[in-house]
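Let me begin by presenting the structure, written as structure tokens, before commenting on it.
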Amino acid sequence: MTQQSRAILLMKSAIFCFSIMDMAVKALAPSIGVLPALWARYTGQMLFVLLLVLPRLKHVLRTRYPTLQILRSILLMSATAFFSMGSV
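In terms of my numbering, the sequence shown opens at residue 8 and continues consecutively.
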């Protein structure tokens, strides 16, 4: 497999995963509420990413700008919450 083919496959896989996550929140939100659905999404995402980075966790957690990283996380979660609330 060429590097370009691998990149295309990874991009298609990422788009598929984003679509599935969005669909899951929109399907769960009417029955359990937006916040619990988002909580489930981010908890699952956190566990998956934690498994991926666990071997090099020290290097991943090191940052020069921890305040900006926390702000980025809060803004991303807020944007996702507003998007989900707007589509329910």
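Glycine included, each C-beta is placed from N, C-alpha and C at the ideal position.
Keep in mind the model is a prediction, meaning the values are calculated, not measured.
Option nearest GLY93 by Cα separation, candidates LYS33, MET18, LEU82
Sequence index remark: in the sequence shown, residue 93 carries index 86 (1-based). When each option's Cα is compared against that of GLY93, the closest is LYS33.
Alpha-carbon to alpha-carbon, ARG69 and TRP46
Locating residue 46 in the sequence shown gives position 39, where the first residue counts as 1. Locating residue 69 in the sequence shown gives position 62, where the first residue counts as 1. The alpha-carbon atoms of TRP46 and ARG69 are separated by roughly 25 Å.
Comparing C-alpha positions only, which one of ALA14, VAL56, ARG63, ASP29 sits nearest to ALA86?
The residue you call residue 86 lines up with position 79 of the sequence shown. Per the Cα distances, ASP29.
What is the rounded straight-line gap between the Cα of ALA36 and the Cα of ALA44?
Residue mapping note: residue 36 aligns to position 29 of the sequence shown, counting from 1. Residue mapping note: residue 44 aligns to position 37 of the sequence shown, counting from 1. Each residue's Cα considered, the two are about 6 Å apart.
CA-to-CA distance, SER20 to TYR72, given in whole angstroms:
Within the sequence shown, residue 72 is the residue found at index 65, counting from 1. Within the sequence shown, residue 20 is the residue found at index 13, counting from 1. Distance between the alpha carbons of TYR72 and SER20: 30 Å.
Could you have a look at MET28 and say whether DSSP puts it in helix, strand or coil?
The sequence position of residue 28 within the sequence shown is 21, counting from 1. Looking at MET28 - three-state DSSP - the assignment turns out to be helix.
Three-state secondary structure assigned by DSSP to TYR49
If you number the sequence shown from 1, residue 49 lands on position 42. Looking at TYR49 - three-state DSSP - the assignment turns out to be helix.
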